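Chemist: In this text, residue positions in the sequence shown follow my numbering: the first is 261, and each later residue adds one.
We put the beta carbon where it would ideally sit given N, CA and C, even for glycine.
All values reported here derive from a predicted model rather than from experimental measurement.
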Amino acid sequence: MTSKERKYYIQFDERLPLSQIPSDRLPQTGTWARISGTIYEGSSKMSAKELESFLCRECDLPKSSFQVIPYEDGIMVRR
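1. Rounded to the nearest angstrom, what separates Y268 and S304 at their Cα positions?
2. So, are the CB atoms of T298 and E318 less than 7 angstroms apart?
3. Could you check what DSSP says for S303 in three-state terms: helix, strand or coil?
4. Counting along the chain, where does the alpha helix (DSSP H) carrying R317 start and finish?
5. Between L286 and Y300, how many whole angstroms is the CB-CB distance? I'm expecting something under 8 angstroms.
As structure tokens, then:
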């Protein structure tokens with residue numbers, strides 16, 4: 261892991277109840293802001309794989325309930 265922060269979007273499944281989105285735990289991984297009901301934009305020193313692992317292990321979310329998207333690919337997220 262490098263010291264350089266990378267920008268990401270985290271898109272949670274729209275069927276996931278908002279109460280299950282770990283918004284209180286995301287600050288442990290970087291700086292995040294909710295930009296819509298189920299989409300967060302932010303930066304982290306973690307890689308996308310490390311973020312996925314954190315959400316699965318530490319937040320007990322199934323991999324199918326979210327997607328970590330590099331900022332460069334975010335055109336798909338911003339509607």
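Modeler: Taking the coordinates as given:
1. Taking the sequence shown and counting its residues from 1, one reaches residue 268 at position 8. Taking the sequence shown and counting its residues from 1, one reaches residue 304 at position 44. In a straight line, the C-alpha of Y268 is about 8 angstroms away from that of S304.
2. In the sequence shown, counting from the first residue as 1, residue 298 sits at position 38. In the sequence shown, counting from the first residue as 1, residue 318 sits at position 58. Their beta carbons are not under 7 angstroms apart, which means T298 does not touch E318 by this criterion.
3. Start at 1 with the first residue of the sequence shown, and residue 303 comes out as number 43. Residue state, collapsed to three classes: strand.
4. On the sequence shown, position 57 is the one that residue 317 refers to. Run containing R317: 308 to 317, per the alpha helix (DSSP H) assignment.
5. Here the question's residue 286 lines up with position 26 in the sequence shown. Here the question's residue 300 lines up with position 40 in the sequence shown. About 7 angstroms separates the two Cβ atoms, so the contact holds.
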